Amino acid sequence: MMKGTPSMGKKSGKKNMIHCRRCGRRTYHIAKKVCSSC
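Just so we're aligned, residue 79 is where the sequence shown starts under our numbering, counting upward by one.
The following block contains the structure:
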């Protein structure tokens, strides 16, 4: 028997990081308002 939702599917809902405007990478932290790569 498998679970209803795969374990990795549950991790997709977290929205801590978004795409950075300066470098375009997905490393912009919303809560800290800082990009970790640029």
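Cβ atoms here follow ideal geometry from the backbone N, Cα and C, with glycine treated the same way. Remember, it's a predicted structure, so these values are computed and weren't measured experimentally.
Going by beta carbons, C98 and S115 fall inside the 8 Å limit.
Cα atoms of K111 and M95: separation of roughly 10 Å, rounded to the nearest angstrom. Nearest C-alpha to H107 among K88, K93, K89: K93.
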